[in-house]
Structure formats: structure tokens, C-alpha cells
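Peer 1: Residue numbers (my numbering): 219 to 687.
Dumping the structure here so I can ask a few things about it.
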Amino acid sequence: TTIIVIMRCSSILLLIVVASAPWNCLSENLFNRISRFATGKKKSDDDLLGGVPTATLSNGVKMPLVGLGVGNMIPDVIPAIISHGLRADKNIRLIDTSNVSSNEMLVAQGIVEGAEYLEQVSGEEKAEVHVITKIWYTHLGYNRTLMAAQASLDALTLAINHPNVELKVHVMLHWPRCYDNIPWMNCELEEESLPAYIKNAGPPPHLDKENAWKESWKALETLVADDSNPIASIGVSNFHLSDLEELEGVAKIKPQVVETNAWSLLYDPLLIEFCHKRGVHLVAYHLMDGIIHKADAAPFAYHHLLLVANDMTKIMRSRGLLEQDEELTAAQVVLAWLVQHSISVIPRTTDLYHLKENSASSIAKIPIMNDKQVQTIAHSVEALISGEDLTEDAFVKLTFHAKSKDVYLYWHDPEYGGEIQVAKIEKGSSFDESSHPGHVYRVYDSEEKENMEVLTVNGKYGEHTHIEL
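Written out as C-alpha cells, the structure reads:
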């Protein structure tokens, strides 16, 4: 039955005709926006950097699509996690940090250790590694930004000068300004806490919030035009659309990269469209906390991600891309969905297992997903970000067959210990049930509940299991 629905989406009243489905208008827009980034960008060998998928920036630089975020990471683990990330079984060649994280020297140390290991083990003489770093809002203004960028380059010197490393640095403005209405920002106190040489380099940026970042952009233009340093591109992070539009009007060199929160993929469509039309590369952060770790708020959506992961696992096993005891996770299919649409991802982890699981080598192996899978992921991601779950769940389909006698089927609640009768299945007949992995059923051969058999659902979402009773 066709249903006529009137709804308001993005402040525009729409009249649409829909069939029964769990999707809504925001996710349709999300699907279309993300899909447009892949239009005309079929991956080829030219899009690889030593097996790492890349995107070509507007200035011709190839930037890895899968990286590692280390901003605010525990300092003691940074060199080791980066060094391990560079190894061939992970192949991570993009590291995201910032000036304010005060860990760029540790990043350089980890890169050097990883590159030396590669040279010893595989004979790779020079590893190309990309580092994103960002200028904090206390250092906005032409001279302050030059000083901050030079401080970052100085901290990265070990990697810049190492014979086994070809370092490419991408410098961004972390924020366009300090905001009085963001609780953790304290504009005046942070200014007062700066060392004198920074204060003397230029006026306090929080007193000229509309222009300080423009002077910073001029400084970045100066730096990227200087071939004597390893700066490969310049960009911005956490900029609103209005700031980007203003930047476009004053910039001599347009931003090549924009780093944005996963939230913007859904709720800032005009910013995404702006970047798409101008060939500005997107880097998405806050993916794990912003999407995957919200499974409890939108369990149906998370189950649909697991369904796609199960489908892709079967495909990869059939092609010899996964061992029989390996399977994709929800996080991996979300990362692959973004990477396959030419958006760089920088998940953060200090766990070696997750490092490999979400690494460039692992994500690059995932085959191109079909339109249905892409739409399912887009709708699920929207639901997880917004907290408004899908209206339909994903299931494991079970068909119980009573071969030789009548049986009584109960669902068992392991949390509270009770059970609910699901069906009486007569001899020779069958019963279909929609269930979830790990659910437990009890089967009795009489109403008096004698001769109990316990069955646990071992299937995956999207599978159909036949059970003979």
C-alpha cells in the first residue's frame, strides 16, 4: 500500500510518496551528499600510495584516506602506536594531531621508529608519511600563525630530516576563533597564559574575532608557497559555512582540505555541498564516539550495520580476502563507506587489535559496496548520529520444523530468567520467527514442559536458519 506523507525536512515542506520503509528524509540527503563525493572518482592503481587508498587534493598531492588520530592521546603510547601503524599489515600513512596537543615531537619519533623498522624488515628505503597538524585559536594572526607553524615543523624535525622518511605536512587552522559560548573555551584566560614572545608577536585574536583568522590564512599561503618546507597543503577545521564562504572571497590559495566532525555529515549539508563543488577534500573525525559508540541509542540502526558487515564478510571470505574465523565489524563498514566516497577517516585507538582492524590495509581490502548497502549504511549512520532510531529492525530469520511430533516453543529471557511461549508447532508443520544473534529458545514436547531442549541463535543479521525439531 502506498502512503502519502507530508513532512518537514531542513525547514522545507515536502510532499512525498513512500512505500513502507524505515528511512527518513535526513538520511536521503546524507546518502546523496556522501554519494556525490564518489561521482567520477572510481578507484584505480593511481589512487594508491604503496597499497594505501588516497584522494588527490586540488593541488595534485595524494592524501591517504585512512589514518590515525593521536590528538589528546596518552603521550607515553604515541610513538609505539604510530610505529606499529606504519607496519605492512596496517599500512597507516596519515597521522592527525594538533599544535595544542603538544605531541608532535612524539609523532615524529613514532614515524622514525616505524620507518626504520620497515627498512630493516622489508627493505623499504623511504616511507611517505602524512601528518595533519593544526594551529590553535590563541595563535591566530599573521605572525602568531607563522610562529606556531614553525614550532610544529621544529617538533617534527626528526622525521623531516630522517633518510627513511618522506614527510608531507598538512597545516590547518584548528578553529576560526575562540567562542565565548563554548564552555571549555576561555578566551581571556588562555590569552593571559601565553608566553610573552607569543603575545608580542601580534594582537590578541579574541579581540578581533572576524579578522584574525584571515591574517592566519595569509600566513599559511606564505608557508605552502615556500618549497623549502614540507608543507603539502593548507586547510581549516571546525569552520562554519559562512566562514568558508568568506575565506573563499579573500584567499589567494583556496583551502585544499577541510576537517569536520562526523556530525556535520548529517547536520551541515550546505558545508558538505560547498566542499564537493569546489573540490575541497574532507577529513572526518569523531567517528567512533559520534557514530559507533551510540549503538545503545539506536540499536535497530546498529543491527543494520551488522547486517551489511555480515554480507561483506561472506563476500570477502568467498574471494579469499578474509579467513573463515575473521569477520567485519560495524566500525569497519562505516569507515569503508566513507573511504569509498573519498573522505579521509582518522579513528583514534591505543589498542593494537583495533589499530589493525581499522587500518588502511584492512579497510582497503573491503570491496566496493553496492547501492543498497551504501543506502543502508547512510540511513543507519544518520540514526546513530541523531539518536532517532530506524523504525524497522534487522533480524536473523529462523524457521522451526516439527518433524515427528508436536512441540512447544518458548523464548527465554536470560536477564530475568522468565520465558514466553512463542508458538505451538504441530507435527509436520513449520514456524517462522524473527530473532537476534544470541537469543535463547526452549523447546518442550508437551504442555507440561517435559524434555526441554535449549537452542541459541548463532546466525548473523540477514541470515535465514532452518532448525529441525
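Think of the CB as a built atom: it goes at the ideal place given N, C-alpha and C, for glycine as much as any other residue.
Computed from a prediction, not measured in an experiment: that's the story for all the values here.
(1) Let me confirm a value: G269 is counted as buried when at least 16 other C-beta atoms fall within 10 Å, else exposed. Which label applies?
(2) Once you ignore the five residues that flank M403 on each side, which residues in its own chain have a CB closer than 7 angstroms to its CB?
(3) Could you tell me which residues DSSP pairs with K615 in its beta bridges?
(4) If you measure between the beta carbons of K436 and L391, is that distance less than 8 angstroms?
(5) Kindly indicate which residue of P487, T594 and A306 has the alpha-carbon position closest to the one of A345.
(6) Mapping the DSSP letters down to three states, classify K259 as helix, strand or coil.
(7) Rounded to whole angstroms, what's the CA-CA distance from P517 to E575? Just pull it up for me.
(8) Helix, strand or coil for N479? Go by DSSP, reduced to three states.
(9) Drop a sphere of 10 angstroms on the beta-carbon of G420, count the other beta-carbons inside from all chains shown, and report buried for 16 or more, exposed for fewer.
(10) Scan the region 272-353 and note each continuous alpha helix (DSSP H) run of 4 residues or more that stays entirely inside, going in chain order.
(11) Between the C-alpha atoms of L484 and K532, what's the straight-line distance to the nearest angstrom?
(12) Pull up the CB-CB distance for V640 and E651, whole angstroms please, since I reckon it's below 8 angstroms.
(13) Could you give the distance in angstroms between the alpha-carbon of L570 and the alpha-carbon of P422?
(14) When DSSP builds the beta bridges, which residues end up paired with Q639?
(15) Would L627 and F649 be called neighbours here (beta carbons separated by less than 8 angstroms)?
(16) Enumerate, from N- to C-terminal direction, the unbroken alpha helix (DSSP H) stretches of 4 or more residues contained entirely within the region 488-569.
(17) For Y634, does the three-state DSSP call read helix, strand or coil?
(18) Measure the alpha-carbon distance for T567 versus L573 and round it to whole angstroms.
(19) Among residues of its own chain, excluding the 5 on either side of Y335, which ones have a beta-carbon nearer than 6 angstroms to its beta-carbon?
(20) Please classify D263: is it buried, with 16 or more other beta-carbons within 10 angstroms of its beta-carbon, or exposed?
(21) Beta carbon of A502, beta carbon of A480: below 8 angstroms?
(22) Compute the beta-carbon to beta-carbon distance between L616 and I685, rounded to the nearest angstrom, for a pair I have assumed lies under 8 angstroms.
(23) Looking only at DSSP bridge pairs, what is G453 linked to?
(24) Tell me which residue opens and which closes the beta strand (DSSP E) that R395 is part of.
(25) Label P401 either buried or exposed according to how many other C-beta atoms from any shown protein chain fall within 10 Å of its C-beta, with 16 as the threshold for buried.
(26) Would you check if the region 533-549 and the region 629-647 touch, i.e. whether three or more CB-CB distances between them fall below 8 angstroms?
(27) Does the distance from the C-beta atom of E688 to that of A366 stay below 8 angstroms?
(28) Assign K280 to buried or exposed, taking buried as 16 or more other Cβ atoms, counted over all protein chains shown, within 10 Å of its Cβ.
(29) Under 8 angstroms between C-beta atoms, does M365 make it to chain C?
(30) Within a Cβ cutoff of 6 angstroms, which residues of the same chain sit near K427, ignoring the five residues on either side of it in sequence?
(31) Please classify T674: does DSSP put it in a helix, a strand, or coil?
(32) Is it a yes or a no for the region 492-510 touching the region 577-588, going by three-plus beta-carbon pairs under 8 angstroms?
(33) According to DSSP, is L385 part of a helix, a strand, or is it coil?
(34) Provide the residue span of the alpha helix (DSSP H) that contains Y415, from first to last.
Peer 2: By the coordinates alone:
(1) Label assigned to G269: exposed.
(2) In chain order, C396 and Y397 place their CB closer than 7 angstroms to the CB of M403, counting only its own chain and leaving out the 5 sequence neighbours on each side.
(3) For K615, which the question treats as bridged, DSSP gives the partners S652 and H682.
(4) Cβ atoms of K436 and L391: not closer than 8 angstroms.
(5) The option with the nearest alpha carbon to A345 is A306.
(6) Its pLDDT being 48, under 50, K259 is placed unreliably by the model, and the measurement read from it follows with that caveat. Coil.
(7) In this structure, the straight-line span from the alpha carbon of P517 to that of E575 is close to 22 angstroms.
(8) In this structure, N479 counts as strand in the three-state DSSP scheme.
(9) That one is buried.
(10) 296-303 and 322-340, all fully within the region 272-353.
(11) Their backbone Cα atoms lie some 30 angstroms apart in a straight line.
(12) That belief holds up - the Cβ atoms of V640 and E651 are roughly 6 angstroms apart, short of 8 angstroms.
(13) Distance between the alpha carbons of L570 and P422 is about 42 angstroms.
(14) Answer by DSSP bridge pairing, in chain order: Y628.
(15) In contact: L627 and F649 (Cβ atoms closer than 8 angstroms).
(16) Within the region 488-569, the runs of alpha helix (DSSP H) that reach at least 4 residues and sit entirely inside it are, in chain order, 505-508, 517-536 and 548-557.
(17) In the structure shown, Y634 falls within a coil segment according to DSSP collapsed to helix, strand and coil.
(18) Distance between the alpha carbons of T567 and L573: 6 angstroms.
(19) Sequence-distant partners of Y335 (beyond 5 residues in either direction) whose C-beta falls short of 6 angstroms from its own C-beta are missing from its chain.
(20) The pLDDT assigned to D263 is 44, lower than 50, so where the model puts this residue is not dependable; a value taken from the coordinates is nonetheless given after this. Classification for D263: exposed.
(21) Yes. Within cutoff.
(22) With a Cβ gap of about 6 angstroms, L616 and I685 count as contacting.
(23) In DSSP, G453 forms a bridge with M390 and V475.
(24) Taken as a continuous stretch (DSSP letters only), R395 belongs to no beta strand (DSSP E), as it is neither H nor E.
(25) Exposed.
(26) The way I'd put it, the region 629-647 doesn't touch the region 533-549; fewer than three beta-carbon pairs between them come closer than 8 angstroms.
(27) The first residue shown for the chain is 219 and the last is 687, placing residue 688 beyond what the model contains.
(28) Residue environment for K280: buried (at least 16 other C-beta atoms within 10 angstroms of its C-beta).
(29) Structure shown: chain C not included; a single protein chain is present.
(30) Contacts found: R395.
(31) In the displayed model, T674 falls within a strand according to three-state DSSP.
(32) Judged by Cβ distances under 8 angstroms, the region 492-510 makes no contact with the region 577-588, as fewer than three pairs qualify.
(33) Note: L385 maps to strand in three-state DSSP.
(34) Its alpha helix (DSSP H) spans residues A414 to K417.
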